[in-house]
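Have a look at the structure below before the remarks.
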Amino acid sequence: MKSKIIFLSFMLLTMANFCFSQTDVSFELIQPASSPAIDLDLVKGSKLGGNQIYDMDGDGDNDFLFYAASAGFPDYHFIAYINDGENHYRRIEMEAEPGISGLATEPIVRFADLNRDGINDLVIGGEKALANSNDAGATRVFFGDSEGQLHYQSQLVLQSTHSGDFRLVDFNGDTHPDIFLISSLYGTSLLLNDGAGNFSEAEKTGFTDKLTLRLAVSKFYDGGVDVIVHIYDGGLTNVIYRYEEGTFTEVIRDFRTINSPYHALEFGDANGDGYPDLFILDVDQTLLYLNDQSGNYVLDTSNDFDDLSAYHNYSLHFEELNNDGADEIAFAISEDELAIFWNDSEGNYGEHDSYVITDFRRVPFGDVSGDGYPDIVNYGTRDISDPSITSDETIPLIFINDQANGFDSAAFNITPEFRDGDIAFFDANEDGAPDMLVSGAYYVGTESITELYLNDGAGEFTLTSGLPFEGLEYASMATSDFNGDEHEDVVLSGLEQNDEAKTTIYLGDGAGGFAEDFSNSLRGILGESIAFDANGDQYPDVLIIGRDISDVLFAELYLNDGFGTMTLHVAGLTGLDSVSVATGDVDADQDIDLLIKGVDASDMNQTLLYLNDGLGNFTEATDTGLASLADGRALMFDVDGDKDLDIYLSGGGQFLVYKNDGFGNFTGAQSDEGAFRTAAIAGDIDLDGDLDLIESGKWANDYEDGGVPRTFVYFNDGSGNFTKASVGALHGIFDSALALADIDGDLDLDFMLSGPVEDYLDNSSRLYRNTSCGSTATVNQEVSSCTAYNFYGTILNTTGNYQNIIYSIDGCARTVNLDFIFTGDSETISASACDSYEFDGQTITTSGLYQAVYTNQYACDSLVTLNLAILTDEVEVDIDACDSYELDGATYSISGQYFGFFTNQHGCDSVVTVNLTILERTEGSEDVEMCNSYDWEGTNYSVSGIYQETLINAAGCDSTATLNLTILEEPVAQIQLDEDFILAESVEDATYQWYDCDTETALEGENQLTLSPPAAGSFYVAVDNGSCASVSECIDFEDVVMSISQDFISPSAYPNPTSSHIKLDLEQEYETIEVEVMTIAGHLVNHIIKSNTNEIVIDLGDKKGESTYRRIGY
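What the sequence shown shows, in mature numbering (1 follows the signal peptide of the UniProt record, and there is no 0), is residues -21 to -1, 1 to 1093, in sequence order.
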């Protein structure tokens, strides 16, 4: 229904030195692809039909024929898909014939070249073959032609095959296919062909015509024809007749008992010996008879067919599926399951494989993939995979032979066929390849679709599932980044299934996923949705224009805040129906203007040019001279290379081009015959640096007959003169969707179109690849890009000249010379400030990296990165201080937060924040009384007084300790020997205690001033004056015995006791005297002999020393 100008940026720029001329341009149809483009919905809903795979147009490849009874479509229901030789299919509806309205139940359809023109013809028989004809049971003949059409031959009304069958076989050996018919109601008929498709009844000599026939199968054998018939002759039996030279001969009769008249018979080569074997499928048994190469059939007992039986008598197939010379066996074992028994080429069949089918009656085999192996296309009355599909609906299935004894299911058509819709190419998953979003209706009032197909980069598309897109009729879409997350989003409008108009924004995630945006409420529209920057803020706004479901015309502009929030703006625009909108700056004032073509509320055609004031307010330009055409398109693009936007208009059978003077004034430049109900799009098709046109629609010279849809390419000569080009036959549609993109990355533009073909019941979609190629192709590109540019895998963000060689999918080598201008500035600046810095409207007070985006002179985003250093020091410290702290000239003695100011090394005022904790000093004193001396803080004090020390306390502060010391006087503890006792010096108010020095024990009761030692020993005294105590030194006291040699002498001895010596006064002189001093223990103390003396001095201290006193006894 509409088109969009969608092409890669470099296609807009000047290219030169490309080797091929306009006549070298050609297009290859790539979708529908190798899977046949069967139109699912046209055959859906039919009942009791079938399909055939055979060459319908005589070009040597297999085509498709679908046939069915009426179900919401014309009764006469044949649909054909004709193969172009490369497995691309075109759909044709069979032409109706007078008196023939449609098929009824269970037709039998077979084909052969009956008239020997090289094209297969069709014979239709079966039960009530043509339901509404006068003789409904007749067998009908249709001749085929080179277009794939079937033409009913009314002169050939053949015998009915009701409750029977027919075969097309050369019975008489003239190479022309004859017709053999049997029926339980009408008997048997053999019709011989004269080679021109004329038939005459032949005698059936030897054939028993009285028998009630149920089924017959025939096949060539050794120059003749074997015919097996199932008869009722008082019982059920099978008979094989051999036909030779005009005579039937009964060969075999009475096969194993057959239990049902609905069994199936078929000939095939089971063991690969070139002779036909026989397979019989009954309701409760499966029988294989091998031909002994003499025409005798022997029951095979080596194979076990799992005791399977046919679900329906029409389902049996003897087909060679793996090209090994022996036939496989296939038949339906239930209404939705096909069993295939694979042959090892020697007649041994293994376990069966099962495949889901939708028609258990007929499962035709034929090569649809072009690989030489038979495939399966099954068309039936139910789809077991979808419970919502009732038994009255049909779904075709296709199975591709994998050449390894198996089949893989395949999609019929990757290209959606729709009308009243739109197509957009954009990179949904950000892999560098344009993906395809389509939306529209299959048919009027039927199911609508919105589907995303992801591109693999080579132009192969895969349908994405699980997306939230709603299928819409009268769909229009636009893509842009609405919410500023750098991922492409979609705005989609159209008619829902409930006949409500809807406009929805879907937000992309950059990976091919989308989510519905519920934050905006845009008015539902049947018209166009356009994304463009209306108010110059660099954010994509949305224009919706057309009609609502009440046929009220309107145009609404929604302005974007950059984050995807849309606000309705009164823009001064007029709503039109059947609308086409083009955007661009026509008057060189750097804002986007609008060209709107359509039908107004008075049903008048209008072409309106609206000029933008830059803020999204539009004023209609007057006296533009632009024609108002019906049902066409409006485009704005530079047709003549002068850098301003010109105008193309189509519709109403006209093709018009207007050139711009650069200021929005237009002059007609070309007026030619054009199309009705057109779609059009502009792009550089031939890569010569100017923009060409593709136009599709119903053409004027055929319009009186309803119009024939055609698609043409118009080449631009660079000056805005367009000439219809020869690029091969392109598919024609009207009211179409049309889009351009380089789908395969080979630098040229490919295109997709979809829409009705001849009526609104027949839609078609085609994807064409541009196959233009030159021997030494060179493309010169000029690219200006605001952002980094991907040049075939190399990311460019620096202005310069670059070169690459690419190879297209067609093998064309193309040298690409790129003159790249990077218009998106990227600058890093360094700055410093003492306190703050103004950047991008903000006051920054913290050092760091900051970025801002500006619009430069090229209208590109310019990224500026600021590396900012704030030089003012702002320091915060925690300080503990004893007593007080000096900060910035002030003394603080209380804990708290304080601020100081200083000028740092950069000359900036700076602030220091001090979290101050004042720690306390401690002071202490102690009073000490101590005898003699006192050790304090490492010093010994022996004099009373007051002493102080400065210490560090637990908080780390100085602490003053004071000692009040009193040194007490110790009593004198001196002892001496006085006669026979020890005397202590007297001390006032003192007490005394004598101790044994050896045992350190007090002498009980000895607490007087003197001590008379009770025995020899060592003694001291402790003196305590009440404050202090002292002890004396020890005095040794020992008794000794002196013996004198002169008896009866009692000398005076003194001193006694003594510590050193004692003097004996003998009172007279003796001539000789001997003295011996002994201890009580008998130890000799001294021995003295003196002569002529009256006294003796004895030394007693040689043993004990001066501190030892001895008391002498004699």
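Positions of the beta carbon are idealized from the N, C-alpha and C atoms, including for glycine.
Here Gly632 is buried: its Cβ has 16 or more other Cβ atoms, across all protein chains shown, within 10 Å. For Phe645, the uninterrupted beta strand (DSSP E) run begins and ends at Phe645 to Glu652, by DSSP. For Gly924, the enclosing beta strand (DSSP E) begins and ends at Gly924 to Ile931. Rounded to the nearest angstrom, the gap between the Cα atoms of Leu608 and Tyr637 is 14 Å. The Cβ atoms of Glu1074 and Leu1045 lie closer than 7 Å to each other. In the three-state scheme derived from DSSP, where H, G and I count as helix and E and B as strand, Lys638 is classed as strand. Its chain contains Asn434 and Gly436 as the residues whose beta carbon lies nearer than 6 Å to that of Ala412, once the 5 sequence neighbours on both sides are disregarded; these appear in chain order. By the criterion of a C-beta distance shorter than 6 Å, Gly251 is surrounded in its chain by Gly304, Ala305 and Ser324, once the five residues flanking it on both sides are discounted. For Gly525, the enclosing beta strand (DSSP E) stretches over residues Asp520 to Arg526.
Contact between the region 884 to 902 and the region 920 to 927 is absent: fewer than three C-beta pairs spanning the two stretches fall below 8 Å. If you draw a straight line from the Cα of Asn749 to the Cα of Asp460, it comes to about 29 Å. Ranking Ile259, Ala249 and Asn172 by CA distance to the CA of Val208 puts Ile259 first. Between Ser163 and Ser139, the CB-CB gap reaches or exceeds 7 Å.
A Cβ-Cβ contact shorter than 7 Å links Leu895 with Ile858. By the criterion of a C-beta distance shorter than 8 Å, Cys936 is surrounded in its chain by Cys861, Asp862, Leu898, Glu899, Arg900 and Thr901, once the five residues flanking it on both sides are discounted. A straight-line Cα-Cα distance of about 16 Å links Arg119 and Ala175. Within its own chain, the residues whose Cβ lies closer than 8 Å to the Cβ of Ser889, once the five positions on either side in sequence are excluded, are Thr851, Asp852, Glu853, Val854, Phe880, Phe881, Thr882 and Asn883, listed in chain order. If you check the CB distance, Arg95 and Leu147 do not come in under 7 Å. Every beta strand (DSSP E) of 3 residues or more that sits fully in the region 400 to 468 is shown, in chain order, as 414 to 420, 427 to 434, 440 to 442 and 452 to 459.
In the structure shown, Trp321 falls within a coil segment according to DSSP collapsed to helix, strand and coil. DSSP, read as helix, strand or coil, puts Asp63 in coil.
Here the region 467 to 480 does not lie against the region 378 to 386, with fewer than 3 beta-carbon pairs under 8 Å apart. Nearest to Tyr974 by alpha-carbon distance, out of Ser965, Asp968 and Ser991, is Ser991. Under DSSP, Thr941 shares a beta bridge with Ser904 and Gln927.
Beta-bridge analysis with DSSP links Gln972 to Ala1001. Rounded to whole angstroms, the gap between the alpha carbons of Ala580 and Asp100 is 54 Å.
Contact annotation: the region 566 to 576 does not touch the region 470 to 486, with fewer than three C-beta pairs closer than 8 Å. Proximity of the region 834 to 850 to the region 863 to 880 falls short of the contact definition, fewer than three beta-carbon pairs being nearer than 8 Å. Restricting attention to beta strand (DSSP E) runs no shorter than 3 residues, the region 779 to 863 encloses them at 779 to 786, 792 to 801, 805 to 812, 816 to 818, 821 to 823, 827 to 834, 840 to 849 and 853 to 861, ordered along the chain. Asp399 and Pro735 have their C-alpha atoms spaced approximately 9 Å apart. Counting C-beta atoms within 10 angstroms of its own C-beta, Ala1001 has 16 or more neighbours from the protein chains shown and is therefore classed as buried.
Contact check for Ser629 and Gly653: beta-carbon distance about 5 Å, within the 8 Å limit, so the pair qualifies. Under the three-state reduction of DSSP output, Asp914 falls in the strand class. Ile524 and Glu439 have their alpha carbons spaced roughly 34 Å apart. In this structure, the alpha-carbon of Gly886 lies about 17 Å from that of Thr824. Secondary structure remark: continuous beta strand (DSSP E) runs of at least 3 residues inside the region 655 to 714, in chain order: 671 to 678, 688 to 695 and 701 to 703.
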